[in-house]
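See below for the structure under consideration.
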Amino acid sequence: MFFYGIGSVLVRPQENSGLRRKYGPFVADTGIVHRETRDNPGFRPLGAKVFFDSDQNVTGVYDYYKKKYYVPGDCDWEAAKFMAKTSAFTLITFKHHLMWVHHMVSSVVVFNKVKFLPPDHPIRRLLTMFTLRASRVNILANFALIPDHSPIHRATAIPYEEYSSLLEVSARTNPLWQPFPDYVDKFENTVLGKLAEEDKFPFFTLGVDYWHVVQKFVHHWVEETGMNPMSDGPTKAFYRAVRKVTKQTAFKLPRRPTYENLVTMLTQFIWVVTGFHELVGTVVEYTRDIKRCAARATEDSAVSDMQAWLLGLSVTATTSLRVPALMNEFENFFGNGTNGYPAYESEVWGDFQEVLSDFSSELDEKSFRYPFGMFNPKYLESSVSV
Numbered sequence: 291m292f293f294y295g296i297g298s299v300l301v302r303p304q305e306n307s308g309l310r311r312k313y314g315p316f317v318a319d320t321g322i323v324h325r326e327t328r329d330n331p332g333f334r335p336l337g338a339k340v341f342f343d344s345d346q347n348v349t350g351v352y353d354y355y356k357k358k359y360y361v362p363g364d365c366d367w368e369a370a371k372f373m374a375k376t377s378a379f380t381l382i383t384f385k386h387h388l389m390w391v392h393h394m395v396s397s398v399v400v401f402n403k404v405k406f407l408p409p410d411h412p413i414r415r416l417l418t419m420f421t422l423r424a425s426r427v428n429i430l431a432n433f434a435l436i437p438d439h440s441p442i443h444r445a446t447a448i449p450y451e452e453y454s455s456l457l458e459v460s461a462r463t464n465p466l467w468q469p470f471p472d473y474v475d476k477f478e479n480t481v482l483g484k485l486a487e488e489d490k491f492p493f494f495t496l497g498v499d500y501w502h503v504v505q506k507f508v509h510h511w512v513e514e515t516g517m518n519p520m521s522d523g524p525t526k527a528f529y530r531a532v533r534k535v536t537k538q539t540a541f542k543l544p545r546r547p548t549y550e551n552l553v554t555m556l557t558q559f560i561w562v563v564t565g566f567h568e569l570v571g572t573v574v575e576y577t578r579d580i581k582r583c584a585a586r587a588t589e590d591s592a593v594s595d596m597q598a599w600l601l602g603l604s605v606t607a608t609t610s611l612r613v614p615a616l617m618n619e620f621e622n623f624f625g626n627g628t629n630g631y632p633a634y635e636s637e638v639w640g641d642f643q644e645v646l647s648d649f650s651s652e653l654d655e656k657s658f659r660y661p662f663g664m665f666n667p668k669y670l671e672s673s674v675s676v
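Printed below as a string of structure tokens:
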């Protein structure tokens, strides 16, 4: 779950020297979800630190609620692991998936694309494939996540005041507008960076490779338009509107909508709603089995309670709108020179499809400790689903 799945986004170098010597060089901390539970003695607060050795094996769990460390072999080890997995799943679902991807990235672009870019504008034409059905999906995500007694809130054991506070903190700490290669560079001289160099942390290595594939496509498209973003009114208005939202997050877009800044912003957006969303949004892999994890935990239990499990499955099913695959020609949409839109659209998109196919074949040849297909284009969708 943590090095080759949804939990990859939580893994960090262990900075505490004492804990590093005792438990190993890696940690995944979900303390932010340590919140009071409703007045119900059957449920317990979440929040854990999970420790890993240099071989990525779990060596211990710290329980924020009980203020206690657990190690393999303890009588409550299985319950501690389930609580830790549930804490990670809950945090990533609320924070990384629904708040960051759907509400702070996808919704922002969808709204401002329609508001500032005319239907025939080349940047809006570019974004169309990556925003298909996104409004509908994001509305469903909002219904499932935000209101008091929403389906996801009901699946937790957190009072709405604490729940709302968690969502607000998640929104403020959103770093997803930072170019992913720049984010990875921060770990270059750490044990996590070394792990990536050894090709043992595909979230970093494949994530960066896929980002550059998208960047080349976006650069090619914008270059073919012949447009100067600095002198195009709709593009400037669109960029500045998106940047205004990022002022409230952990990473603020550069002020000027230069060619380079526009390409980088569009690249990061496409990378988030396709590749990153595939990583943090594969919730069905974790909700379908009552023994995997849930959105709440009971005292000393290593399985989900039945109601939480059914609520998780219900949310997963009702928000699973299909969107087209990323590897798709879309021949009825892109211009060919005779349908009223420029021929470069089909040419650039066709080149992109060839590069995606080659990249997918390369990834099929890679072998990791556990399967990891999150950035393989043949598994990606062109826009967010849930």
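Residue numbers (this note's numbering): 291 to 676.
Using N, Cα and C, we set each Cβ at its ideal position, and we do this for glycine too.
With 16 as the cutoff for other CB atoms within 10 Å, does LYS656 come out buried or exposed?
Sixteen is the threshold: since fewer than 16 other Cβ atoms of the shown chains lie within 10 Å of the Cβ of LYS656, the residue is exposed.
C-alpha distance - TYR359 paired with TRP367, whole-angstrom precision
One C-alpha to the other measures close to 10 angstroms.
If distances are taken between C-alpha atoms only, which option among VAL459, ARG659, MET419 comes closest to GLU488?
ARG659
The alpha helix (DSSP H) enclosing ARG444, as first and last residue numbers:
Membership of ARG444 in the alpha helix (DSSP H) is indicated by the continuous run 441-445.
Identified DSSP bridge partners for TYR360:
VAL351
Residues bridged to ARG334 by DSSP?
ALA587
Name the two residues that bound the continuous beta strand (DSSP E) containing ALA378.
Per DSSP, ALA378 belongs to no beta strand (DSSP E); it is in the alpha helix (DSSP H), 367-381.
My assumption, with CB atoms under 8 angstroms, is that PRO362 sits in contact with SER344. Please give the rounded CB distance.
Going by Cβ atoms, the distance from PRO362 to SER344 rounds to 16 angstroms, so no, they are not a contact pair.
Can you tell me the Cα-Cα spacing of VAL535 and PRO437, whole angstroms?
22 angstroms
Is it buried or exposed for GLU568, if we count other Cβ within 10 angstroms and need 16 for buried?
buried
Given ASP499, which residues of its chain have a CB within under 8 angstroms of its CB, disregarding the five upstream and five downstream residues?
Within the same chain, ASP499 has close Cβ partners PHE649, PHE665.
Using DSSP with H/G/I as helix, E/B as strand and the rest coil, what is LYS403?
helix
Let me know the alpha helix (DSSP H) ranges lying completely inside the stretch 495-537, each 4 residues or longer, listed in chain order.
523-536
Selection from LYS403, ARG546, VAL340 that minimises the alpha carbon distance to PRO524
With distances taken between Cα atoms, PRO524 lies closest to LYS403.
Give a yes or no on whether the C-beta atoms belonging to ALA338 and MET373 are separated by under 9 angstroms.
yes
Cutting at 7 angstroms between CB atoms, please list the residues of its own chain near THR480, excluding the five before and the five after it.
PRO303
Throw me the rounded Cβ distance for the LEU416 and TRP511 pair, which I believe falls under 8 angstroms.
5 angstroms
Helix or strand or just coil, what does DSSP make of VAL459?
helix
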